[in-house]
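J.: Note that our numbering has the sequence shown beginning at 281, numbered continuously upward.
Think of the CB as a built atom: it goes at the ideal place given N, C-alpha and C, for glycine as much as any other residue.
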Amino acid sequence: MIDTAPDKIAALKKSWQESTLAPLVKRFGERKTQFTTSDEHMVVDTVYTPDGDAGAYLETLGFPGEYPFTRGVQPNMYRG
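Here it is, written out as structure tokens:
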């Protein structure tokens with residue numbers, strides 16, 4: 281059972297990656313294998329989540345490609 285907010289977010293992120301993002305990437309691919317910032321050359325993750333309280337995050341923002349689509353309708357956003 282998931283007790284803490286970070287554990288809940290991590291579990292939901294994994295589920296999102298497997299059920300929402302992976303099918304889209306498998307079907308269409310991504311433009312690059314790795315995305316980086318233009319000035320720092322730091323790797324940019326597919327999605328960022330908070331480390332703390334999951335309540336407001338999960339209720340109001342959610343994950344890309346999933347209802348209520350506050351982060352866009354495509355799971356991989358601009359990467360496709």
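The alpha helix (DSSP H) spanning F343 covers which residue range?
T.: Working through the sequence shown from its first residue, we reach residue 343 at position 63. Note, F343: premise wrong, no alpha helix (DSSP H); not H, not E.
J.: Have a look at F343, E320, F349 and flag the residue whose alpha-carbon is nearest the alpha-carbon of P330.
T.: Stepping through the sequence shown from its first residue, residue 330 is reached at position 50. Answer by Cα proximity: F343.
J.: Classify G309 as buried or exposed, calling it buried when 16 or more other Cβ atoms lie within 10 Å of its own Cβ.
T.: Residue 309 sits at position 29 when you count from the first residue of the sequence shown. That one is exposed.
J.: Along the chain, where does the alpha helix (DSSP H) containing S299 start, and where does it finish?
T.: What you label residue 299 is simply residue 19 of the sequence shown in a count that begins at 1. Where S299 is concerned, there is no enclosing alpha helix (DSSP H), given that its DSSP letter is neither H nor E.
J.: Given a cut-off of 8 Å, decide if V323 and K293 are closer than it, judged by their beta-carbon atoms.
T.: Residue 293 sits at position 13 when you count from the first residue of the sequence shown. Residue 323 sits at position 43 when you count from the first residue of the sequence shown. Going by C-beta atoms, K293 is not nearer than 8 Å to V323.
J.: Pick helix, strand or coil for V305, following the three-state DSSP scheme.
T.: Residue 305 sits at position 25 when you count from the first residue of the sequence shown. V305 falls in the helix class under three-state DSSP.
J.: Using the Cβ count rule (16 or more neighbours within 10 Å means buried), how would you classify G345?
T.: If you number the sequence shown from 1, residue 345 lands on position 65. Label assigned to G345: buried.
J.: Give me the residue from P348, D319, T300 with the minimum Cα distance to P355.
T.: Position 75 of the sequence shown, counted from the first residue, corresponds to residue 355. Ranking P348, D319, T300 by Cα distance to P355 puts T300 first.
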